[in-house]
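Residue numbers (the numbering used here), protein chains in the order written: chain Z, 457 to 691; chain W, 101 to 203; chain Y, 142 to 251.
The beta carbon of each residue, even a glycine, is placed where N, CA and C say it ideally should be.
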Amino acid sequence: MKRYIFRIKRFNPETDQAPYWQDFEVKLEPMERLLDGLLRIKEEQDGSLTFRRSCAHGICGSCAMKINGRNRLACQTLAKDLPDRVEIEPLQAYPVIKDLVVDMEPFFSKNEEVMPYLINNNPPPERERLQSPDEQKRLVESITCIMCGSCTSACPVYWADRQYLGPSALLKAYRFIFDSRDQATQERLKRIIHSHGLWRCHSIFNCVEVCPKEIDITSHIAALKRFALRKGLKG
Amino acid sequence: MFKWFLQRITGLILFAGLLVHFYIMHYSGADKITYEAVMTRLSSPWWKGFDIVFLASVIYHGFNGLWGISTEYIEKEGYLKTVETLLLVLSVVLFIKGVTIIL
Amino acid sequence: MRYRWHTGSIAWLIHRITGVLLTLYIFLHLYVLSHLKDLDSYRKMLQLMESPLVKLSELGLLALVLAHGLNGIRVTLLELGIPSRKQKTLFWYAVATGILLFVIGGIPLI
């Protein structure tokens, strides 16, 4: 058991004028996660501490937060990798609802803009619409996205330009544009090729740095850029 | 998307052009940058062409860069339109000014 | 809002700042060129270029150009399909090339 100081940014819009920092002391085994520490604080010290968590195993994407200045999942952050003092903040660039809980609506609405669903107007076959293994291979990395919101919240372009689609939505666009079964490529391209879309990505790699599923988001966006350019040049 | 593409193309032109420019100005020897030598060089149509391509590239690259930054940092549509117009006017004026120097 | 910096974001910030400065330099460069009308003004300019302050700013200009240009090439290569895990290596290649070219280019400037 090691002692940690969790310095947590707290904010309750009903009682607080502004966010403030509060220190909690918590003991953790090396292989316990930061999320375990937060749960222990909530159970034993302060029941009003608010954060999202669901699966606690890196699949649901609920517990993304800024940990020592970098977005991560609380459930994937092991105590043994933490320094003695840990600063925990809500994801930045999204409105804070309470403590570590942010409003994800701006994030989800960006994803909706690129139509994150398969569009195929052919009559459905008796079984599923098939893909070759190679066609699937092209998508497999982008499909692992768990929509935790870490990437867009870490993007310096999104910090300045809230109209920017952001890494997550562009990755979603990739996932469907390069899907051999999808038929809405033109419409999707139209929705990402504007002055707050694809071309605002400057390959900063903050998204790649933070993605808990280790998706190479920037390379996927670069592939979209090349694809869009080729389409544009050929008409 | 052509803005993005042209930004890369002009960037490469500028990099190559600057190597040539730097070599002539600082490496080719003092006799190549006397007034007479420079004037003779600049009067050749080949160099005029080089300079105009170079000028167009640098102005496009610089002002398209500023335009990109503006779209990110200026939120109000009205301000952005003003800045966009300003950048466009400035770049055209600079280009004309530059061409008159070259010719 | 504080956020941890790393290679990619530092490179981007340097690229932005040097880009804006270099665009401003276009004005200065065209201004100077537009005043080079005859032998007299040309000689004056050459004299001016001998002053330590101008030499120092020329070195600064060279550094700006190299930083912006080499990072520009790095970003373009990455956009051409080099996977992101190479971005930090490419950054250090760019730094090494930059230092080398700065020395090679800086010597005749002094």
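Residue(s) in a DSSP beta bridge with residue i
| i | result |
| --- | --- |
| Z/M521 | Z/R528 |
| Z/D479 | Z/R463 |
| Z/V542 | Z/F462 |
| Z/V558 | Z/V552 |
| Z/L534 | Z/R489 |
| Z/L484 | Z/K458 |
CB contact flag (residue i, residue j, <8 Å)
| i | j | result |
| --- | --- | --- |
| W/L118 | Y/V173 | no |
| Z/C659 | Z/T674 | In the sequence on display, residue 659 of chain Z carries Ser and not Cys. Yes, Cβ-Cβ distance for Z/S659 and Z/T674 is below 8 Å. |
| Y/H147 | Z/E582 | no |
| Z/L547 | Z/T506 | no |
| Y/L241 | Y/Q228 | no |
| Z/L626 | Z/I648 | yes |
| Z/K566 | Z/L484 | no |
| Z/K522 | Z/E499 | no |
| Z/R685 | Z/Y630 | The amino acid at residue 685 of chain Z is misidentified as Arg; the sequence shows Leu. Going by C-beta atoms, Z/L685 is not nearer than 8 Å to Z/Y630. |
| Z/Y476 | Z/R466 | yes |
| Y/R226 | Z/R526 | no |
| Z/A616 | W/Y173 | yes |
| Y/G247 | Y/L200 | yes |
| Z/L538 | Z/G514 | no |
| Z/D635 | Z/L586 | no |
| Z/C657 | Z/I633 | no |
| W/Y135 | Y/L180 | yes |
Neighbour list for residue i in chain W, Cβ cutoff strictly below 9 Å
| i | result |
| --- | --- |
| Z/G688 | M101, F102 and F105 |
| Z/H652 | T171 and E172 |
| Z/K646 | Per Cβ cutoff of 9 Å: no residues; Z/K646 is ~11 Å from chain W at best. |
| Z/I649 | M101 |
Under 8 Å by beta carbon: chain Z residues contacting residue i
| i | result |
| --- | --- |
| Y/W153 | P612, H658, S659 and I660 |
| Y/S150 | P612, I660, F661 and N662 |
Partners in chain Y for residue i, counting only beta-carbon separations shorter than 8 Å
| i | result |
| --- | --- |
| W/F150 | Those within 8 Å of W/F150 in chain Y number zero; the least Cβ separation is about 15 Å. |
| Z/G525 | R143, Y144 and R145 |
| W/L194 | I167, F168 and L171 |
| W/V158 | I167 |
Proximity test, residue i beta-carbon vs the ligand FMN heavy atom, cut-off 7 Å
| i | result |
| --- | --- |
| Z/N662 | Among the components of this structure there are no ligands whatsoever, and the ligand FMN is therefore not found. |
Per-residue contacts from residue i into chain W (C-beta, under 8 Å)
| i | result |
| --- | --- |
| Y/S225 | Residues of chain W passing the Cβ test: none, with the nearest at roughly 18 Å. |
| Y/G246 | F122 and H126 |
Chain-ordered chain W contacts of residue i [CB-CB under 7 Å]
| i | result |
| --- | --- |
| Z/I671 | Neighbours of Z/I671 on chain W: none; closest Cβ ~23 Å, over 7 Å. |
| Z/A684 | M101 |
7 Å Cβ cut-off: residues of chain Y touching residue i
| i | result |
| --- | --- |
| W/I113 | Within 7 Å Cβ-Cβ: nothing; W/I113 doesn't reach chain Y, min ~11 Å. |
- Query: Contact between the segment 526-544 of chain Z and the segment 485-494 of chain Z: three or more CB pairs below 8 Å?
  - Reply: yes
- Message: Is it the case that the segment 562-582 of chain Z contacts the segment 638-646 of chain Z, given that we only count it when at least three CB pairs across the two stretches are under 8 Å?
- Response: yes
- Message: Can you confirm whether the segment 598-617 of chain Z touches the segment 667-683 of chain Z when touching is taken to mean that 3 or more C-beta pairs between the two stretches lie within less than 8 Å?
- Response: yes
- Item | Sufficient close CB pairs (3 or more, under 8 Å) joining the segment 233-240 of chain Y to the segment 200-217 of chain Y | yes
- Item | Proximal residues, the segment 587-604 of chain Z versus chain Y, C-beta separation under 9 Å | none
- Message: Taking contact to mean 3 or more Cβ pairs, one atom from each stretch, closer than 8 Å, check whether the segment 116-131 of chain W and the segment 163-170 of chain W are in contact.
- Response: no
- Task: Note down, in chain order, all residues in the segment 162-190 of chain W with a beta-carbon under 7 Å from any beta-carbon belonging to chain Z.
- Result: T171, E172 and Y173
- Task: Note down, in chain order, all residues in the segment 534-558 of chain Z with a beta-carbon under 8 Å from any beta-carbon belonging to chain Y.
- Result: Q548 and A549
- Task: With 8 Å as the C-beta to C-beta threshold (strictly closer), list the residues of the segment 209-222 of chain Y near chain W in chain order.
- Result: G210, G213, I214, T217 and E220
- Using a Cβ-Cβ cut-off of less than 7 Å, list which residues of the segment 117-145 of chain W approach chain Y; keep chain order. L118, F122, H126, Y127 and Y135
- Message: Beta carbons nearer than 7 Å to chain W: which residues of the segment 464-494 of chain Z have them?
- Response: none
- the segment 194-201 of chain W in contact with the segment 152-159 of chain W per 3-pair CB rule at 8 Å: yes
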